[in-house]
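Following the working numbering, the numbering of the sequence shown begins with 709 at its first residue and continues without gaps.
Using N, Cα and C, we set each Cβ at its ideal position, and we do this for glycine too.
Just so it is clear, the structure is predicted and the values come from calculations on it, not from any experiment.
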Amino acid sequence: MAKNLSPDRWSLKEGVGAFIPWMGSYKTMRARNARTGVLFILPFIIGFCLFMVVPLIESIQFSLNDVTLVPGEGYSLSWNSFYNYRYAFTIDATFTQYLIDESGKMVINTIATLVMSFVLAVILNQNFKGRTLARAIFFLPVILSSGVLAGIESQSQTFNMLSAMSEEAANASGINISASLQSLLSISGVGSGIFDIIFDMIDAIYDIVMASGIQIIVFLSGLSAISPSLYEAADVEGCTAWEAFWKITFPMLSPLLLVNTIYTIIDFFMKNSNTVMEHINTLQNNSQYGQAAAQSWIYFAVALAFIGISSFIISKGVSSSEN
709 MAKNLSPDRW SLKEGVGAFI PWMGSYKTMR ARNARTGVLF ILPFIIGFCL FMVVPLIESI
769 QFSLNDVTLV PGEGYSLSWN SFYNYRYAFT IDATFTQYLI DESGKMVINT IATLVMSFVL
829 AVILNQNFKG RTLARAIFFL PVILSSGVLA GIESQSQTFN MLSAMSEEAA NASGINISAS
889 LQSLLSISGV GSGIFDIIFD MIDAIYDIVM ASGIQIIVFL SGLSAISPSL YEAADVEGCT
949 AWEAFWKITF PMLSPLLLVN TIYTIIDFFM KNSNTVMEHI NTLQNNSQYG QAAAQSWIYF
1009 AVALAFIGIS SFIISKGVSS SEN
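Structure, rendered in structure tokens:
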């Protein structure tokens, strides 16, 4: 009995046939779109093969060996099986704790970033005066968080002076709004677990806004692709704006929710400011290249696990716009 496939899934034969001219599926619109997509990412594929494959292989070798620098000759490898991985979990007392802490922060920041970017995209998609300027303002954090400007910001004496003055003023006043509200809720007997998470989001609002620019653009592109006739038909049928949001807007944007989730997770794990990356960089600076490589691969595996879990949950919980 032939296996039924959903409309948004490829069979192996169809996937291969999309790139082979004499196959039956080669001339279909779907195959043409697939080839166009491959052409768009072809520069990345070529760059990855030329510049990334060899370092990745060497990194795996480093993680399974003791690496010794040899003056004038480069380095030598001495096989130590999986000692570097055992070192990460059983000897290095800080790596596991850093990994757990950053994973928890990633979950909170990812949820907050997706919610904020989705709400802002819906607002910015409305018709109002100055909409283009408002969109540009919300995209500015992407530019400001780029590597060059971030370096300028961190090395700017004026910026550092203003930051120090702000912190000194907060310390002198003795008032911390977030901590005060948290203490007030604790005294009143309100459960602290959920509020700890909420106040962590509030304290990290700057980082969340700085990380939301790309996601807003992606959601806006999806909102722009929704046909106004769908909302007109819903209005004729008597749907409220709230019902139209859950029946039209959210289902149509659900595929982009998966894209933004994956992007946000990767973006968080790639930040050099998190403690795991700082710890790995410290190992490298101390010439512990084997341990650094092993912990990098563990970190990579954790990121892939979160991406896989998120993809599974979202793909099961949201609808595809093609269905």
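Query                                                                                                                                                                      : Result
Could you please give the first and the last residue of the uninterrupted beta strand (DSSP E) stretch that includes Asp774?                                               : Asn773 to Val778
Is Glu861 helix, strand or coil by DSSP?                                                                                                                                   : With a pLDDT of 48 at Glu861, under the threshold of 50, the modelled position of this residue cannot be trusted, and the question is left open.
To the nearest angstrom, how far is it from the Cα of Met960 to the Cα of Asn980?                                                                                          : 34 Å
List the endpoints of the continuous beta strand (DSSP E) containing Ser784.                                                                                               : Gly782 to Trp787
Would you verify that the beta carbon of Ile768 is, or is not, closer than 9 Å to some beta carbon of chain D?                                                             : Annotation note: the requested chain D is absent from the structure, which comprises a single protein chain.
Does the distance from the CB of Tyr997 to the CB of Phe770 come in under 9 Å?                                                                                             : yes
Taking only the alpha-carbon atoms, compute the straight-line gap between Lys751 and Leu764 and give it to the nearest angstrom.                                           : According to the sequence as given, residue 751 is Pro; it is not Lys. Going by the C-alpha atoms only, they are around 19 Å apart.
The alpha helix (DSSP H) with Ile988 in it runs from where to where?                                                                                                       : Thr983 to Asn993
With DSSP as the reference, label Asn835 as helix, strand or coil.                                                                                                         : coil
Look at the alpha carbon of Val830 and the alpha carbon of Gly921, and state the distance between them as a whole number of angstroms.                                     : 14 Å
Run the CB neighbour count on Glu945, radius 10 Å, all protein chains shown included, and call it buried at 16 or more, exposed below.                                     : exposed
Helix, strand or coil for Phe727? Go by DSSP, reduced to three states.                                                                                                     : coil
Taking DSSP as the reference, what is the three-state secondary structure of Thr736?                                                                                       : coil
Which term fits Asp943, buried or exposed, when burial requires 16 or more other beta carbons within 10 angstroms of its beta carbon?                                      : exposed
Cα separation between Pro729 and Lys735?                                                                                                                                   : 8 Å
Determine contact between the stretch 992-1009 and the stretch 967-976, defined as no fewer than three beta-carbon pairs at a distance below 8 Å.                          : no
Is there contact here, the stretch 802-810 with the stretch 777-789, by at least three beta-carbon pairs under 8 Å?                                                        : no
Go to Ile922, then tell me how far its alpha helix (DSSP H) extends in each direction, as first and last residue.                                                          : Gly921 to Ser932
With three or more C-beta pairs closer than 8 Å as the rule, is the stretch 917-935 touching the stretch 818-832?                                                          : yes
Compute the Euclidean distance between the alpha carbons of Ile753 and Ser767, then round it to the nearest angstrom.                                                      : 19 Å
How is Thr821 classed by DSSP in three states: helix, strand or coil?                                                                                                      : helix
Are there 16 or more other CB atoms within 10 angstroms of the CB of Glu810, so buried, or fewer, so exposed?                                                              : buried
Among Ala1000, Ile749 and Arg743, whose alpha-carbon lies nearest the alpha-carbon of His661?                                                                              : No information on residue 661 is available, as it lies outside the stretch 709 to 1031 that the chain covers here.
Looking at Ser995: is its Cβ nearer than 9 Å to the Cβ of Leu777?                                                                                                          : yes
Give the single residue among Gly723, Tyr791 and Met737 whose Cα lies nearest to the Cα of Ala1002.                                                                        : Tyr791
Exposed or buried, what is Gly1016 when buried is set at 16 or more other beta-carbons lying within 10 Å of its beta-carbon?                                               : exposed
Is Glu940 helix, strand or coil when you go by DSSP?                                                                                                                       : helix
Within 10 angstroms of its Cβ, does Gly725 collect 16 or more other Cβ (buried), or is it exposed?                                                                         : buried
By a C-beta neighbour count over all protein chains shown, 10 Å radius and 16 as the cutoff for buried, is Asn817 buried or exposed?                                       : buried
Put Ser1028 into one of helix, strand or coil per three-state DSSP.                                                                                                        : With a pLDDT of 47 at Ser1028, under the threshold of 50, the modelled position of this residue cannot be trusted; read the value that follows with caution. Coil at Ser1028, not helix or strand.
Within the same chain, show all residues whose beta-carbon is closer than 7 Å to that of Asn982, passing over the 5 residues directly before and after it, in chain order. : Glu810
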